[in-house]
Structure formats: structure tokens, C-alpha cells
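The sequence shown begins at 4 in the working numbering and counts up by one.
Take a look at the structure below.
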Amino acid sequence: MTSRSVVRVVNSNRLTEGEGFPIRRPFPISTFEDFDPFLMLDEVGPVEWPPGNALGAPDHPHRGFETISYVLSGEKLHEDSTGKTQIISAGDVQWMTAGAGIVHSEMPSPEFKATGGRAHSFQIWVNLPASHKHAKPGYQYVSSSDIPIAESNGISVKVIAGEVFGVAAKIGTHTPVWLQDWRVTAGASQTVLTPPEFNMALYVFEGAISVGEEQKTVLDGQMAVLGEGMNLSLQAEKESGRFLLLAGMPLNEPVARYGPFVMNTKDELIAAFEDYQAGRLGSIQR
Ligand code: MN
Numbered sequence: 004m005t006s007r008s009v010v011r012v013v014n015s016n017r018l019t020e021g022e023g024f025p026i027r028r029p030f031p032i033s034t035f036e037d038f039d040p041f042l043m044l045d046e047v048g049p050v051e052w053p054p055g056n057a058l059g060a061p062d063h064p065h066r067g068f069e070t071i072s073y074v075l076s077g078e079k080l081h082e083d084s085t086g087k088t089q090i091i092s093a094g095d096v097q098w099m100t101a102g103a104g105i106v107h108s109e110m111p112s113p114e115f116k117a118t119g120g121r122a123h124s125f126q127i128w129v130n131l132p133a134s135h136k137h138a139k140p141g142y143q144y145v146s147s148s149d150i151p152i153a154e155s156n157g158i159s160v161k162v163i164a165g166e167v168f169g170v171a172a173k174i175g176t177h178t179p180v181w182l183q184d185w186r187v188t189a190g191a192s193q194t195v196l197t198p199p200e201f202n203m204a205l206y207v208f209e210g211a212i213s214v215g216e217e218q219k220t221v222l223d224g225q226m227a228v229l230g231e232g233m234n235l236s237l238q239a240e241k242e243s244g245r246f247l248l249l250a251g252m253p254l255n256e257p258v259a260r261y262g263p264f265v266m267n268t269k270d271e272l273i274a275a276f277e278d279y280q281a282g283r284l285g286s287i288q289r
């Protein structure tokens with residue numbers, strides 16, 4: 004049984020997004036653009052906002068894929084053109100299917116903006132297959148206390164999507180996708196069976212993790228892309244580590260992307276812009 008090796012380690016870029024909030028982005032960047040079926044991973048913050056200063060991403064459209072918000076600290080207010088609003092608090096996850104098209108806003112909640120404090124979250128984009136790019140827009144929301152937790156020998160996993168150690172996520176996905184928040188305590192090691200047909204990567208955002216039989220060290224802010232294999236070997240040595248595991252069945256379809264739209268062809272991208280400019284993706288009623 005072969006173990007997945009680290010085929011490359013990518014250092015994240017420090018950028019700003021939305022109204023100007025700071026992010027670390029390991030993917031996509033000029034040196035690492037393709038990781039089917041994922042489209043983007045942003046670590047937002049952590050940033051300490053003074054009262055009244057917190058920034059977000061006001062009204063903007065999406066079509067053709069899914070956006071996931073996973074909040075570690077702070078509080079976001081989601082509003083969208085289907086008329087839904089949602090407060091996303093620390094530990095909560097919102098898995099939004101933009102599908103045929105949606106306009107949403109992702110702002111600090113009024114309460115969080117007023118008090119200020121630490122904001123830390125993830126924004127992940129997952130592609131939809133051509134057959135689901137025009138799915139009905141909407142979202143799945145799971146509060147922190149309802150996210151299943153899998154535990155084994157010094158490892159604790161919040162199972163946002165997929166399954167591990169016999170624990171399955173509540174979120175349903177259009178194609179097989181795993182998204183999980185792993186904590187490995189110092190001294191723990193484990194080998195986990197993984198679907199061999201999945202692409203797989205992990206992004207470390209606290210401490211460090213040793214990965215694969217060669218025990219390649221992956222540090223805070225680095226994304227390790229894993230090769231093919233039947234299982235994943237992990238170890239935390241002197242310090243504990245925490246990472247997001249991103250894995251999924253590749254779609255193997257053409258990707259045409261520009262800004263907030265991700266389609267299969269350039270013509271479909273043009274149609275998305277025309278539909279948005281004509282107001283056919285709707286607007287947020289306030
Ligand atoms: Mn968005």
C-alpha cells in the first residue's frame with residue numbers, strides 16, 4: 004500500500020481582498036494555479052480590528068461554483084439575492100452553491116464591527132461540474148456545535164465535508180469533496196486511508212506537520228500538494244500542528260475563470276457578465 008508523498012510545497016502570498024482585509028493565499032498564485040476540483044483557498048487574517056474598522060466584501064456576484072466560509076474568530080453577516088441572511092459565528096461553516104448565479108455580501112456583523120476584535124476565517128472555492136453549473140443557488144449552514152468531530156490517537160478533526168475515522172460530514176457536496184480542519188498534537192502520528200482517485204493537499208495554519216513516509220516538514224502558511232497513493236501519513240513532532248485538508252475527485256473539465264465567475268468556456272463567461280450587468284443574477288433587497 005503506497006503512501007502519498009509531498010510533491011511540492013507552496014508558500015502563500017500575502018495580499019488584500021474585498022474592501023482591503025489582509026489574506027494569505029497559497030492558491031491560486033502564479034506558481035500554483037491548478038488544483039482540481041478546488042479553485043481558491045484564502046486564509047483571512049488573523050487580524051485585530053479596532054472598534055469600527057473591520058472590513059468585508061460588499062455585494063458581488065458568483066456563478067458556476069461553490070464558495071465556503073469557515074470562521075475561526077469574529078463574526079460575519081451574509082446577505083444574498085435569494086433573500087436570505089445568515090450570521091456566521093466562530094466555528095461555523097457556510098457552504099454556498101452559487102450555481103446559476105447569486106449576489107451576496109460577506110461583511111463583519113454590525114455587532115462585531117462595533118466592538119472590533121480578532122477576525123480569522125477561511126474562504127474556499129470549489130468548482131462545480133458542467134452538469135451542475137446552473138444549479139439552484141442557495142447554501143448549507145452548520146453551526147460550530149453541529150460540525151461532526153472525529154478523534155483518534157491525539158488527532159482531532161472537524162469534518163466539514165467528506166469523512167474520516169468513520170465520522171461523516173453533514174454537508175452534502177455535488178461531487179466527492181473533503182474539507183476538514185485537523186489538529187495533531189505534538190508527538191502524535193497516524194496513517195489514514197484516503198480515496199486513491201482524489202487529488203489532495205493540506206494547508207498548515209498553526210505550528211508544523213510532517214507529511215508522508217519521508218516526513219517532509221510543512222510549516223505555518225505553507226500548502227503541501229500530495230501525490231498519488233492509498234493513504235496519508237502524518238506526524239507532529241516537537242510542536243502541534245493544525246491544517247485544512249482539501250481533497251476531492253478531479254472534474255477533468257475545461258476551466259474558464261474571470262473574477263467571480265468560473266465556467267467551462269469563454270462564451271459562458273461572457274454570458275455570465277452580461278447576465279450580471281443586466282441584473283439577471285438579482286440584487287440584495289435591504
Ligand atoms: Mn463571495
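Yeah, the Cβ is synthetic: ideal placement off N, Cα and C, and Gly gets one too.
For a test of the three-state rule: what should DSSP assign to residue i, helix, strand or coil?
i           : result
residue 53  : coil
residue 15  : coil
residue 72  : strand
residue 176 : coil
residue 274 : helix
residue 149 : helix
residue 286 : coil
residue 241 : coil
residue 269 : helix
residue 107 : strand
residue 159 : strand
residue 281 : coil
Is any non-hydrogen atom of the ligand MN found closer than 6 Å to the C-beta of residue i, if you look at the structure I gave you?
i          : result
residue 70 : yes
Starting from residue i, trace the beta strand (DSSP E) in both directions and tell me its first and last residue.
i           : result
residue 264 : 264-266
residue 82  : 79-83
residue 91  : 88-91
residue 220 : 219-222
residue 229 : 225-229
residue 99  : 96-100
Spatial neighbours of residue i within its chain, please: CB distance less than 6 Å, with the 5 preceding and 5 following residues excluded, ordered by chain position.
i           : result
residue 186 : 159, 245
residue 153 : 160, 162, 167, 168, 170
residue 51  : 121
residue 150 : 161
residue 48  : 122, 123
residue 45  : 26, 28, 126
Cutting at 8 Å between CB atoms, please list the residues of its own chain near residue i, excluding the five before and the five after it.
i           : result
residue 22  : 58, 59, 60, 61
residue 194 : 6, 234, 235, 236, 237
residue 219 : 8, 9, 12, 213, 227
How is the alpha helix (DSSP H) around residue i delimited, first residue to last?
i           : result
residue 22  : Where residue 22 is concerned, there is no enclosing alpha helix (DSSP H), given that its DSSP letter is neither H nor E.
residue 113 : 113-118
Who are the near neighbours of residue i in its chain, counting only those whose CB is closer than 7 Å to its CB and skipping five residues on each side?
i           : result
residue 253 : 39, 40, 202
residue 173 : 145, 149, 151
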